[in-house]
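Residue numbers (this note's numbering): 43 to 132. Only one structure is covered here, and it is reproduced in the block below.
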């Protein structure tokens, strides 16, 4: 947000939480680094990160999307998963 030239920086109200669902293992370290950077650049936001293994992550994401859940604001999606969601109507 604040680090992109020409981009207007938006400040959230204090205490605004985002919920993120993502990969564990080596991806968890990368995601945590990105989340820490985002949090420093956007002090009004707090990101709650839920790391899962590959298959449980996919299952949880699909279930949340099918149920129309608003539990997660951000979701990790692996490249092979993208076409199946792009092919669906609505």
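All C-beta atoms in this analysis are idealised placements derived from N, C-alpha and C, irrespective of residue type, glycine included. Here the structure is a predicted model, which is why all the values come from computation and not from measurement.
Buried or exposed by the 16-neighbour rule on C-beta atoms within 10 Å, applied to residue i
{"i": "residue 87", "result": "buried"}
{"i": "residue 59", "result": "exposed"}
{"i": "residue 77", "result": "buried"}
{"i": "residue 43", "result": "The pLDDT assigned to residue 43 is 45, lower than 50, so where the model puts this residue is not dependable; a value taken from the coordinates is nonetheless given after this. Its Cβ having fewer than 16 others within 10 Å, residue 43 is exposed."}
Residue j beta carbon less than 8 angstroms from that of residue i
{"i": "residue 103", "j": "residue 89", "result": "no"}
{"i": "residue 85", "j": "residue 65", "result": "no"}
Proximal residues to residue i (C-beta, below 8 angstroms), its chain only, five neighbours per side dropped
{"i": "residue 81", "result": "87, 88, 89"}
{"i": "residue 69", "result": "93, 118"}
Per DSSP, the bridge partner or partners of residue i
{"i": "residue 88", "result": "59"}
Nearest-angstrom Cα separation, counted from residue j out to residue i
{"i": "residue 61", "j": "residue 122", "result": "23 angstroms"}
{"i": "residue 63", "j": "residue 74", "result": "12 angstroms"}
{"i": "residue 154", "j": "residue 96", "result": "Past the edges of the chain, shown from 43 to 132, lies residue 154, and the structure says nothing about it."}
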